[in-house]
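One structure is given here, and the rest of the page talks about it.
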Amino acid sequence: MPDQPALPFTFEVLYGEGITLSQFDNHIIRRLSNMKSHFLDNAAYEAALAQEDTVLYEVYEIHRPEIPGELLHGLSIVHPGKVGNEYYMTKGHFHTVLETAEVYYCLRGQGCMVMESPEGDWAVEPLRPQTVLYVPPRWAHRSVNTDSKEDLVTFFIYPGNAGHDYGSIEKQGFRKLVVEVDASPQIQDNPRWLPPEVR
Ligand SMILES: [Fe+2]
229 MPDQPALPFT
239 FEVLYGEGIT
249 LSQFDNHIIR
259 RLSNMKSHFL
269 DNAAYEAALA
279 QEDTVLYEVY
289 EIHRPEIPGE
299 LLHGLSIVHP
309 GKVGNEYYMT
319 KGHFHTVLET
329 AEVYYCLRGQ
339 GCMVMESPEG
349 DWAVEPLRPQ
359 TVLYVPPRWA
369 HRSVNTDSKE
379 DLVTFFIYPG
389 NAGHDYGSIE
399 KQGFRKLVVE
409 VDASPQIQDN
419 PRWLPPEVR
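Below, the structure is given as structure tokens:
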């Protein structure tokens, strides 16, 4: 526990050509090279990586103690683009403490959140400006930018003790992929998906 209670604070979401925060503690940058094995088309992935180690998404975090009662929050920005016909997306994760939820508020762009539970249930919900998405406890989540030009920008809030489990998704993949077919997003089965062990 902190020695002294935190003082209330405010900050601003700054809208410009891009969207950022007036203050943040951490800026995470995820590039193609950080996403090995996440995209279905390995040949397209290797070809893209050979050309340029492109930035796929960025996260601006406000640091808070990682304890129950605190809320971690920040901004997620997924850039537009595709690997093969699969849209740029985040790695996606379960929370280490499975019984923790998350809220996303979409500020800009067009996309969706791909989700699934350890029992193998799945859902894909749209993200567009003014959309609020509730990710219930137990559901892994990955944001996907389905626009060809604009960033997908969301503000997220989740419990301080949630933690991130990226390993399960790296091992089993998501059950559903979002790919472009005839210039439109389509949800497809992931042929490499492995059913998770029920926890
Ligand atoms: Fe999360």
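Residue numbers (this note's numbering): 229 to 427.
Each residue gets a CB set at the ideal place from its N, CA and C atoms; glycine is no exception.
In the structure shown, residue 398 falls within a helical segment according to DSSP collapsed to helix, strand and coil.
Linking residue 323 to residue 364 through their CA atoms gives a straight-line distance of about 11 Å. Look at the beta carbons and you see the segment 355 to 363 not touching the segment 392 to 406: under three pairs across the two are nearer than 8 Å. Of all C-beta pairs linking the segment 332 to 351 to the segment 294 to 302, fewer than three are shorter than 8 Å, placing the two stretches out of contact. Taken atom to atom, the span from the alpha-carbon of residue 390 to that of residue 329 is near 8 Å. The Cβ-Cβ distance between residue 283 and residue 255 does not fall below 8 Å. Within the same chain, and ignoring the five residues on either side of residue 351 in sequence, the residues whose Cβ sits closer than 6 Å to its Cβ are 343. Less than 8 Å divides the Cβ of residue 388 from the Cβ of residue 292.
In the DSSP assignment, residue 274 falls within the alpha helix (DSSP H) that extends over 270 to 279. Setting aside the 5 residues that flank it on each side, residue 316 is surrounded in the same chain by 284, 285, 306, 307, 308, 309, 310, 372 and 373, each with a C-beta closer than 8 Å to its C-beta; the list follows chain order. Boundaries for residue 329: no beta strand (DSSP E) harbours it, and the DSSP string shows neither H nor E there.
Not a single heavy atom of ligand 1 lies less than 7 Å from the C-beta of residue 285. Taking residue 361 as reference, the option from 346, 349, 381 and 375 with the minimal CA-CA separation is 381. Taken atom to atom, the span from the alpha-carbon of residue 287 to that of residue 304 is near 5 Å.
Counting along the chain, the unbroken beta strand (DSSP E) around residue 416 starts and ends at 412 to 417.
As a beta-bridge residue in DSSP terms, residue 387 pairs with 299. Bridge partners of residue 282 according to DSSP: none are assigned. An exposed status is given to residue 234, since fewer than 16 other beta-carbon atoms sit within 10 Å of its beta-carbon. Its Cα nearest to that of residue 412, the residue 375 stands out among 379, 421, 375 and 403.
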